[in-house]
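Okay, so the sequence shown: first residue is 52 according to our numbering, each after it adds one.
Built from N, CA and C at the ideal position, the CB exists for glycine as well.
Predicted, not measured: the structure shown is a model, and the values here were computed from it.
Contents: one structure, followed by commentary.
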Amino acid sequence: MSQSVIKALKLLDFFTEDIQELTLRELSIKAQLRKSTAYRLLASLEDCGFVYKVKETDYDSKYRLGLKLLELGNLVLDQLDLKKIAKPYMEDLVGKINEAVHLVILHENRAVYIDKVDSNRSLRLYTKVGKSTPLYIGSGPKLLLAHLPFKKQNYLLNQGPLLSLDGETIDKKEIEKELAEINQQGFSVSIGEQDKDTTGISYPIFDHQGIVVAALAISGLSSRFEGQQFEIIKKNSQETANRISKALGFIQI
């Protein structure tokens, strides 16, 4: 990480519940930085909304923490609440179908896997929590993309060539067709998109406002996602996504 970024972020640590305002001089002393350097770093933090200037004179300036930190803090809390609420339902689902279950959210125009409950099978998918993927690859990411406004979808699909994980070009029209199908059928399916010989199926999780906040993504070897067993996986997965949504306050009309 850039040393300038580290120094700038460390300035935020000097604000506490008891010390909510600090002058440029105080911050430069605490951080052992030249006043000009501290001023430059604070200006960058101010531009990003992490601090704001409450008073400026010819001799000094005073700063407070900005609302951007509150916004990010609330986002983290929302994710923690989502994980806490969803976890027992995910564990219950794994007990019924014995396949890996993931919780996937949208973050900065990408899909991020924020939680996972694994199966007890000897052959497992080793999806890492924290994994980030494009929104057009995999059942969970595509489900999230399908529930974005059309303008946002169009923007994300026109940022450059759409490439699979092995570098092959993906036809944008095919993705658009899939997104329409996802919205029509209410779930998303992918085969071999993230791992060879695997199938994924995802259902939406809604919050109290009826907004899709996550995808419940189930994945395993394609040989186990066939026939009657696949119908059992679909039924239990949809029921689980509905139960999590209800626990988040979603009321289905």
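Mapping the DSSP letters down to three states, classify residue i as helix, strand or coil.
{"i": "residue 98", "result": "helix"}
{"i": "residue 76", "result": "helix"}
{"i": "residue 6", "result": "In the structure as shown, the chain starts at 52 and stops at 304, and residue 6 therefore has no counterpart that could be examined."}
{"i": "residue 388", "result": "Outside the modelled stretch of the chain, which goes from 52 to 304, sits residue 388, for which no answer is possible."}
{"i": "residue 255", "result": "strand"}
{"i": "residue 67", "result": "coil"}
{"i": "residue 271", "result": "strand"}
{"i": "residue 183", "result": "strand"}
{"i": "residue 243", "result": "coil"}
{"i": "residue 150", "result": "coil"}
{"i": "residue 215", "result": "coil"}
{"i": "residue 109", "result": "coil"}
{"i": "residue 52", "result": "Only weak support exists for where residue 52 lies, its pLDDT of 48 falling under 50; the value from the coordinates is given anyway. Here residue 52 sits in coil by DSSP."}
{"i": "residue 221", "result": "coil"}
{"i": "residue 248", "result": "coil"}
{"i": "residue 165", "result": "strand"}
{"i": "residue 262", "result": "coil"}
Anyone know if the C-beta pair for residue i and residue j falls short of 8 Å?
{"i": "residue 267", "j": "residue 292", "result": "yes"}
{"i": "residue 183", "j": "residue 240", "result": "no"}
{"i": "residue 162", "j": "residue 195", "result": "yes"}
{"i": "residue 285", "j": "residue 252", "result": "yes"}
{"i": "residue 92", "j": "residue 62", "result": "yes"}
{"i": "residue 193", "j": "residue 233", "result": "yes"}
Quick one: give me the first and last residue of the alpha helix (DSSP H) that residue i is part of.
{"i": "residue 295", "result": "278–298"}
{"i": "residue 206", "result": "201–207"}
{"i": "residue 190", "result": "190–197"}
Comparing the C-beta of residue i with each C-beta of chain B, is any distance below 8 Å?
{"i": "residue 91", "result": "The question asks about chain B, but that chain is absent: this structure has only one protein chain."}
Have a look at residue i and residue j and give me their C-alpha separation to the nearest angstrom.
{"i": "residue 151", "j": "residue 85", "result": "53 Å"}
{"i": "residue 167", "j": "residue 156", "result": "12 Å"}
{"i": "residue 149", "j": "residue 228", "result": "31 Å"}
{"i": "residue 56", "j": "residue 294", "result": "42 Å"}
{"i": "residue 116", "j": "residue 249", "result": "47 Å"}
{"i": "residue 211", "j": "residue 300", "result": "38 Å"}
{"i": "residue 120", "j": "residue 108", "result": "26 Å"}
{"i": "residue 181", "j": "residue 277", "result": "29 Å"}
{"i": "residue 112", "j": "residue 288", "result": "56 Å"}
{"i": "residue 77", "j": "residue 53", "result": "23 Å"}
{"i": "residue 83", "j": "residue 67", "result": "18 Å"}
{"i": "residue 213", "j": "residue 270", "result": "23 Å"}
Start and end of the beta strand (DSSP E) containing residue i?
{"i": "residue 172", "result": "Premise fails: residue 172 is in no beta strand (DSSP E) and is neither H nor E."}
{"i": "residue 112", "result": "112–116"}
(message) Measuring CB atoms only, is the stretch 218–227 touching the stretch 261–268, in the sense that at least three cross pairs come out at less than 8 Å?
(response) no
(request) Decide yes or no for the touch test of the stretch 136–156 against the stretch 98–116: beta carbon pairs closer than 8 Å, at least 3 of them. (result) no
(message) Contact between the stretch 140–153 and the stretch 117–124 is defined here as three or more beta-carbon pairs at a separation below 8 Å; is this criterion met?
(response) At 8 Å Cβ cutoff, the stretches do not touch.
(request) Count the C-beta pairs between the stretch 240–259 and the stretch 200–207 that are closer than 8 Å, then say yes if the count reaches three, no if not. (result) no
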